[in-house]
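With the first letter of the sequence shown counted as 1, position 27 gets the number 27 in full-length UniProt numbering; the numbers rise by one all the way through. The next block holds one structure in the form of structure tokens; read it before the comments.
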Amino acid sequence: MSSIFDHVTLGVSDFQKARGFYNRVMPALGLPLLWENSTMLTYGAGNEVFGLQLDGASPRRGTHVAFRARDRESVNLFHSEALAAGGIDAGAPGIRPEYHESYYAAFINDPDGNRIEAVFHDTKK
Numbered sequence: 001m002s003s004i005f006d007h008v009t010l011g012v013s014d015f016q017k018a019r020g021f022y023n024r025v026m027p028a029l030g031l032p033l034l035w036e037n038s039t040m041l042t043y044g045a046g047n048e049v050f051g052l053q054l055d056g057a058s059p060r061r062g063t064h065v066a067f068r069a070r071d072r073e074s075v076n077l078f079h080s081e082a083l084a085a086g087g088i089d090a091g092a093p094g095i096r097p098e099y100h101e102s103y104y105a106a107f108i109n110d111p112d113g114n115r116i117e118a119v120f121h122d123t124k125k
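Right, dumping it as structure tokens:
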């Protein structure tokens, strides 16, 4: 089954409390802990990932949704259309090597402050 979502991240104010909660609940759904550092952790299966990130007093604390894009051009179009529709730039289209060498993405904050991402995993570079 294909999904339009690449990953979803929730902002949390108490990382340790959220970690304890989700470390018990996600495995019950067959979604093991995949990765963590001091401010973020991810659970998942296959290519679909759910994450938690400590946001504290960040003005954008809230939801992060990443939609899968068909190609780089779709990421670029997403970014330009979102800006034209009143979104706030949170990361222009480009490779994000901090995630992996073929992670091509753009980030927008929507009118409510939610972080919306379009991502293409360009494995045929």
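Don't be surprised by glycine CBs; every beta carbon is placed ideally from N, CA and C. Computed from a prediction, not measured in an experiment: that's the story for all the values here.
Whole-Å CB distance - leucine 52 paired with leucine 10, under 8 Å assumed: Against the sequence shown, residue 52 aligns to sequence position 52. Against the sequence shown, residue 10 aligns to sequence position 10. With a Cβ gap of about 6 Å, leucine 52 and leucine 10 count as contacting.
Status (buried if at least 16 other CB within 10 Å, exposed otherwise) for proline 27: Against the sequence shown, residue 27 aligns to sequence position 27. Flag for proline 27 reads exposed.
Proximity of histidine 121 and serine 102 at Cβ, strictly below 8 Å: Within the sequence shown, residue 121 is the residue found at index 121, counting from 1. Within the sequence shown, residue 102 is the residue found at index 102, counting from 1. Result yes, Cβ atoms of histidine 121 and serine 102 sit closer than 8 Å.
Contact check, valine 65 vs alanine 118, beta carbons under 8 Å: Your numbering for residue 65 matches position 65 in the sequence shown. Your numbering for residue 118 matches position 118 in the sequence shown. For valine 65 and alanine 118, no; Cβs fall outside 8 Å.
For proline 97 and valine 49, the rounded distance between their alpha carbons: The residue given as residue 49 occupies position 49 in the sequence shown. The residue given as residue 97 occupies position 97 in the sequence shown. If I take the Cα positions, the gap works out to 18 Å.
Own chain partners of glutamate 36 with C-beta closer than 8 Å, once the 5 adjacent residues on each side are dropped: On the sequence shown, position 36 is the one that residue 36 refers to. Counting only Cβ-Cβ distances below 8 Å, and skipping sequence neighbours, we find Arg19 and Thr42.
Where proline 27 sits in the DSSP three-state scheme: Here residue 27 refers to the residue found at position 27 of the sequence shown. Helix, per DSSP.
Same chain only: Cβ atoms within 7 Å of aspartate 110, ignoring 5 sequence neighbours per side: For this step, residue 110 is matched to residue 110 along the sequence shown. Excluding residues within five positions, the ones whose Cβ falls inside 7 Å are Gly87 and Ile116.
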